[in-house]
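2 protein chains.
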Amino acid sequence: MNAFSSNFKLGILGGGQLGRMLIQSAIDFNIYIKILDGDANAPCRPFAHEFVQGSLIDFDTVYAFGKTVDVLTIEIEHVNVEALEKLESEGIKVYPQPAVIRTIQDKRVQKQFYKTHLIPTADFILLENKEEVHQHSHFLPAFQKLGKSGYDGRGVQRLKTTDDLAKAFAEPSLLEKAVDFEKEISIIVARNARGEVSVFPPVELVFHPEYHLVEYLFAPAQLDERIIAQANEIATGVAAKLGIVGLLAVEMFVTRSGEVLVNESAPRPHNSGHHTIKANYTSQFEQHLRAILGLPLGATDTQSYAAMVNLLGEEGYTGDAVYQGMEEALALGGVYIHLYGKKTTKPYRKMGHITIMDTELQALKEKVQKVKVLVKVVSE
Amino acid sequence: MNAFSSNFKLGILGGGQLGRMLIQSAIDFNIYIKILDGDANAPCRPFAHEFVQGSLIDFDTVYAFGKTVDVLTIEIEHVNVEALEKLESEGIKVYPQPAVIRTIQDKRVQKQFYKTHLIPTADFILLENKEEVHQHSHFLPAFQKLGKSGYDGRGVQRLKTTDDLAKAFAEPSLLEKAVDFEKEISIIVARNARGEVSVFPPVELVFHPEYHLVEYLFAPAQLDERIIAQANEIATGVAAKLGIVGLLAVEMFVTRSGEVLVNESAPRPHNSGHHTIKANYTSQFEQHLRAILGLPLGATDTQSYAAMVNLLGEEGYTGDAVYQGMEEALALGGVYIHLYGKKTTKPYRKMGHITIMDTELQALKEKVQKVKVLVKVVSE
């Protein structure tokens with residue numbers, strides 16, 4: 001395989017913002033990109049060499065698409081894995097591998113994988129139906145997570161007391177002990193087919209003091225050296241045990257007693273790595289390409305603090321997107337805007353992100369607060 | 001003008017590698033891009049929202065194209081300026097302004113501009129025809145430069161002794177005293193419509209010890225503080241006197257006596273700023289967009305040394321491009337490849353560039369030499 005040859009084609013399942021940023025990076029390597037997505041207005045469309053509109057979960061569609069490319073990757077894990085397995089068996093390089101996607105796609109399988117491989121994670125119970133939830137009320141407070149189709153907050157709910165049991169999901173799920181964590185962090189690991197591994201510095205998620213919502217992320221996370229070493233060990237361990245080729249984002253809790261527990265993983269570029277485009281020698285997107293194309297991995301270090309704020313559609317606005325406060329935000333200095341080209345905004349839709357850089361952590365955090373006040377996505 | 005509105009269109013005259021890298025950057029701002037280029041296979045084509053094939057020097061073509069966009073910019077200065085002047089008079093924002101392009105487009109006018117505005121530059125004589133060259137043989141050794149159509153080394157020749165006069169150009173030209181320079185440097189200035197100005201750190205051109213050829217460029221240039229201050233003063237002075245909105249790359253000689261003389265300027269993103277994509281907070285391409293879209297300019301500082309090697313088509317090869325040694329070069333670490341997507345290679349054609357970064361200057365220079373040996377563009 002030579003990705004730099006003129007007839008090489010990379011297929012991507014999914015045409016959202018992750019695919020779009022992957023294309024921006026792939027232009028540097030002159031990689032021919034073919035996208036499959038169900039949405040005719042997918043963010044990738046204007047920049048893909050070829051765009052196929054079709055379902056990511058339909059066997060025939062994914063199989064037929066995969067037969068036309070040399071390497072197939074994903075930017076979303078809710079894809080038809082059976083088609084990927086058949087493609088892999090027929091010699092198409094599918095990275096991450098179908099077996100990895102299968103393990104991660106179902107949160108029940110993913111969680112069981114951690115347990116089997118002695119990867120520290122919060123205690124949990126697998127549930128088949130709603131009745132079983134009631135048998136485990138001693139396990140509350142807990143999070144109930146659907147095995148499949150949970151995405152971007154959907155399919156996850158907090159069950160605090162027995163009063164909440166009435167709203168429990170009926171589909172196969174898992175009940176996970178709520179972790180009294182001090183910090184939530186993320187580490188993105190890259191692994192290529194030769195087993196070469198590299199990690200990005202850990203990212204720290206900052207929660208709003210009143211609402212339980214991620215306000216922004218910053219890197220590198222402010223942690224003891226010992227905790228960082230432990231988190232790196234765990235994250236690279238998950239990647240190695242999965243045998244993944246590509247990126248793996250490992251989200252972890254750091255408890256008050258200094259334990260590191262895996263929350264969940266994603267086998268692709270990840271929201272917690274967007275700042276790497278500006279702040280790190282190699283971005284997560286180029287690193288993903290290097291990993292799946294069999295190239296040496298790039299340096300992941302950074303020379304300044306960076307924060308990332310998701311630019312979400314403002315509550316109360318649905319329609320053609322209008323961006324407010326961009327000029328004022330850019331004027332703060334060290335502010336970099338990345339829009340995803342989504343025509344329509346709706347409440348909480350991810351419309352873009354803003355990377356903020358500063359050599360001082362306190363100054364960075366102050367700038368984040370200013371940016372959050374200034375920038376809004378509304379509709380016409 | 002609001003560049004972030006959904007009906008905003010940016011037109012670019014020229015669809016080469018500079019336009020391509022400008023598009024990569026414009027994706028971040030979700031800017032709709034329309035390209036005009038004569039070549040159906042221009043490097044920009046796969047990534048432009050709209051691509052028009054047509055002549056950049058034809059009045060009607062440029063005028064009709066310009067009428068369809070909100071802001072019009074260039075990635076090559078050999079365009080029809082009369083059409084730009086008409087567009088400007090009709091309210092289209094043309095940045096850089098037609099008057100600036102007119103001044104720079106003709107090297108005779110450009111050189112006279114420096115003289116008129118007391119900008120230090122090498123002595124010169126304007127020549128109308130071949131006969132006049134002979135009258136100025138006392139001026140040798142000198143460079144003869146054609147007023148128009150000199151580009152990428154064409155239209156420039158060295159006249160060392162009277163023996164060389166036979167090969168002198170016949171068209172209107174200028175004869176410029178050869179400068180016994182110690183270093184050649186470049187500074188890229190950005191200026192927006194409010195007159196806000198920012199400069200990138202100076203870049204140093206490294207020449208091959210035997211052949212008079214640029215081997216690579218690195219930044220920041222190794223110069224006395226006093227020389228840097230002088231060069232910045234000159235470069236920003238040229239931008240201010242031109243009143244340019246957009247980027248201006250000012251190439252300068254530093255003489256053995258510590259004088260700084262302007263060689264020539266280009267009113268657009270420039271080869272000497274390609275390393276900024278990886279090495280500086282803001283890349284020259286984003287800075288150009290910020291300048292022409294009326295946005296605050298970004299920080300230009302860097303936190304490591306960076307070198308840029310042009311990836312030229314190897315001598316003796318013409319045909320479908322094949323890239324050799326990429327994997328080996330990437331394995332050196334701190335090596336970033338940027339290909340321009342040109343299908344066909346030919347001797348000395350600019351096929352891409354490689355940015356190399358290191359925190360140590362000596363280590364950087366050693367890596368440059370390794371990259372130059374490893375990477376080759378040949379044909380199938």
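Those protein sequences? They're chains A and B, same order as listed.
Here the first sequence is numbered in full-length UniProt numbering, starting from 1 and rising by one per residue.
Here the second sequence is numbered in full-length UniProt numbering, starting from 1 and rising by one per residue.
The C-beta atom is built at its ideal place from N, Cα and C for all residues, glycine as well.
Could you say which of the options lies nearest to residue i if we only look at CA atoms?
i, options, result
"Ala219 (chain B)", "B:Glu131, B:Pro202, B:Ala235 and B:Ala229", "B:Pro202"
"Leu22 (chain A)", "A:Pro43, A:Asn2 and A:Phe8", "A:Pro43"
"Asn263 (chain B)", "B:Gly313, B:Ala235, B:Asn310 and B:Val214", "B:Ala235"
"Asp123 (chain A)", "A:Gln362, A:Glu196 and A:Val179", "A:Val179"
"Gly11 (chain B)", "B:Phe59, B:Lys67, B:Arg158 and B:Val375", "B:Lys67"
"Lys177 (chain B)", "B:Gly325, B:Ile33 and B:Gln144", "B:Gln144"
"Glu286 (chain B)", "B:Gly16, B:Gln24, B:Phe4 and B:Leu13", "B:Gln24"
"Thr302 (chain A)", "A:Glu360, A:Lys278 and A:Asp106", "A:Lys278"
"Ile354 (chain A)", "A:Arg154, A:Leu332 and A:Ser137", "A:Leu332"
"Pro296 (chain B)", "A:Ala291, A:Asp163 and A:Gly325", "A:Gly325"
"Leu118 (chain A)", "A:Asp28, A:Ile104, A:Ile101 and A:Val238", "A:Val238"
"Met308 (chain B)", "B:Pro267, B:Gln369 and B:Arg256", "B:Gln369"
"Gly16 (chain B)", "B:Thr116, B:Ala99, B:Leu84 and B:Pro46", "B:Pro46"
"Ala64 (chain A)", "A:Lys107, A:His49 and A:Leu87", "A:Leu87"
"Leu205 (chain A)", "A:Val199, A:Val214, A:Ser198 and A:Val197", "A:Val214"
"Val81 (chain A)", "A:Gln135, A:Ser257, A:Lys115 and A:Leu13", "A:Leu13"
According to DSSP, is residue i helix, strand or coil?
i, result
"Val203 (chain A)", "strand"
"Asn280 (chain A)", "strand"
"Thr236 (chain B)", "helix"
"Phe169 (chain A)", "coil"
"Asn271 (chain B)", "helix"
"Val373 (chain B)", "helix"
"Val197 (chain B)", "strand"
"Asp60 (chain A)", "helix"
"Asp301 (chain A)", "coil"
"His49 (chain A)", "coil"
"Val154 (chain B)", "Sequence inspection shows Arg at residue 154 (chain B); the Val mentioned does not correspond to that position. Of the three classes helix, strand and coil, the one that applies to Arg154 (chain B) here is strand, per DSSP."
"Leu87 (chain A)", "helix"
"Ile76 (chain A)", "coil"
"His208 (chain A)", "coil"
"His138 (chain A)", "helix"
"Tyr95 (chain A)", "coil"
Are the beta-carbon atoms belonging to residue i and residue j less than 8 Å from one another?
i, j, result
"Ala229 (chain B)", "Met252 (chain B)", "no"
"Ile188 (chain A)", "Ser272 (chain A)", "yes"
"Leu127 (chain B)", "Val133 (chain B)", "yes"
"His270 (chain A)", "Ala240 (chain A)", "no"
"Ser6 (chain A)", "Ala299 (chain B)", "no"
"Ala168 (chain B)", "Leu159 (chain B)", "yes"
"Met1 (chain A)", "Gly195 (chain A)", "no"
"Glu314 (chain A)", "Val377 (chain A)", "yes"
"Tyr95 (chain B)", "Val245 (chain B)", "yes"
"Ala329 (chain A)", "Leu374 (chain A)", "yes"
"Gly147 (chain A)", "Leu174 (chain A)", "yes"
"Ile57 (chain B)", "Val79 (chain B)", "yes"
"Ile35 (chain A)", "Phe51 (chain A)", "yes"
"Tyr323 (chain B)", "Phe207 (chain A)", "no"
Along chain A, in chain order, which residues have C-beta atoms closer than 9 Å to that of residue i?
i, result
"Tyr323 (chain B)", "Asn2, Phe4, Ser5 and Asn30"
Using a C-beta to C-beta distance shorter than 8 Å, which residues of chain B count as neighbours of residue i?
i, result
"His275 (chain A)", "Here the premise fails: no neighbours, minimum Cβ distance about 13 Å."
Does the ligand COA have even one heavy atom less than 7 Å from the beta-carbon of residue i?
i, result
"Thr302 (chain B)", "This structure does not include the ligand COA; it has no bound ligands of any sort."
Residues of chain A with CB under 7 Å from residue i, in chain order?
i, result
"Ser89 (chain B)", "Result: empty, since nearest Cβ-Cβ is about 27 Å, beyond 7 Å."
"Pro201 (chain B)", "The contacting residues do not exist; Pro201 (chain B) stays about 15 Å from chain A at best."
"Pro296 (chain B)", "Glu327, Leu330 and Ala331"
"Gln24 (chain B)", "Gln24 and Ile27"
"Met357 (chain B)", "Tyr281"
"Asp320 (chain B)", "Ser6"
What does DSSP give as the partner residues of residue i in its beta bridges?
i, result
"Val378 (chain B)", "B:Val322"
"Ile188 (chain B)", "B:Ala249"
"Val309 (chain A)", "A:Ile354"
"Ser5 (chain B)", "Looking at the DSSP assignment, Ser5 (chain B) forms no beta bridge with any residue, so it has no partner."
"Ile35 (chain B)", "B:Ile12 and B:Phe51"
Which chain B residues sit within Cβ distance under 9 Å of residue i?
i, result
"Gln222 (chain A)", "Neighbours of Gln222 (chain A) on chain B: none; closest Cβ ~20 Å, over 9 Å."
"Ser304 (chain A)", "Tyr281 and Gln303"
"Gly334 (chain A)", "Tyr281, Gly298 and Ala299"
Can you pull the chain A neighbours of residue i, defined as C-beta to C-beta under 8 Å?
i, result
"Pro46 (chain B)", "Phe47 and His49"
"Leu339 (chain B)", "Phe4, Asp28, Phe29 and Asn30"
"Lys343 (chain B)", "Ser6"
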